[in-house]
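Residue numbers (the working numbering): 354 to 410. A virtual CB, placed ideally from N, CA and C, is assigned to each residue, including glycine.
Quick look at the structure:
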(Lines of atoms letter the chains of each structure in order from A and count residues from 1; the text may use other names and numbers.)
(Lines give C-alpha, C1' and ligand atoms only; values in the text may rest on other atoms or scores of the structure.)
Protein backbone atom coordinates (compact mmCIF):
# COMPACT_ATOMS: atom_id res chain seq x y z
CA UNK A 1 0.00 0.00 0.00
CA UNK A 2 1.12 3.56 -0.62
CA UNK A 3 2.63 5.15 2.48
CA UNK A 4 2.28 8.93 2.23
CA UNK A 5 4.40 9.70 5.30
CA UNK A 6 7.31 7.63 3.97
CA UNK A 7 7.00 9.24 0.54
CA UNK A 8 7.11 12.75 2.01
CA UNK A 9 10.12 11.84 4.16
CA UNK A 10 12.01 10.48 1.14
CA UNK A 11 11.03 13.49 -0.97
CA UNK A 12 12.38 15.89 1.65
CA UNK A 13 15.64 13.91 1.78
CA UNK A 14 16.02 14.15 -2.02
CA UNK A 15 15.14 17.87 -1.94
CA UNK A 16 18.01 18.51 0.50
CA UNK A 17 20.47 16.78 -1.84
CA UNK A 18 19.58 19.02 -4.79
CA UNK A 19 21.87 21.88 -5.74
CA UNK A 20 21.38 24.90 -7.93
CA UNK A 21 23.44 24.62 -11.14
CA UNK A 22 26.19 27.18 -11.59
CA UNK A 23 26.29 29.49 -14.59
CA UNK A 24 28.55 27.23 -16.69
CA UNK A 25 26.43 24.13 -16.06
CA UNK A 26 23.23 26.04 -16.84
CA UNK A 27 24.72 27.36 -20.10
CA UNK A 28 25.80 23.87 -21.16
CA UNK A 29 22.39 22.38 -20.39
CA UNK A 30 20.68 25.20 -22.30
CA UNK A 31 22.90 24.71 -25.36
CA UNK A 32 22.38 20.94 -25.42
CA UNK A 33 18.62 21.37 -25.04
CA UNK A 34 18.49 23.96 -27.85
CA UNK A 35 20.53 21.74 -30.17
CA UNK A 36 18.27 18.77 -29.41
CA UNK A 37 15.14 20.83 -30.02
CA UNK A 38 16.48 22.10 -33.35
CA UNK A 39 17.51 18.58 -34.38
CA UNK A 40 14.03 17.21 -33.67
CA UNK A 41 12.53 20.12 -35.64
CA UNK A 42 14.80 19.51 -38.64
CA UNK A 43 14.00 15.79 -38.63
CA UNK A 44 10.27 16.55 -38.46
CA UNK A 45 10.56 19.07 -41.29
CA UNK A 46 12.48 16.57 -43.44
CA UNK A 47 9.84 13.91 -42.83
CA UNK A 48 7.13 16.43 -43.72
CA UNK A 49 8.93 17.31 -46.97
CA UNK A 50 9.31 13.64 -47.90
CA UNK A 51 5.66 12.91 -47.13
CA UNK A 52 4.59 15.89 -49.24
CA UNK A 53 6.94 14.94 -52.08
CA UNK A 54 5.63 11.38 -52.24
CA UNK A 55 2.01 12.51 -51.82
CA UNK A 56 1.42 10.66 -48.57
CA UNK A 57 0.06 13.58 -46.58
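Between residue i and residue j, what straight-line distance do the alpha-carbon atoms span, to the nearest angstrom?
i, j, result
"residue 403", "residue 367", "46 Å"
"residue 364", "residue 355", "14 Å"
"residue 407", "residue 389", "27 Å"
"residue 391", "residue 358", "42 Å"
"residue 385", "residue 372", "20 Å"
"residue 383", "residue 361", "31 Å"
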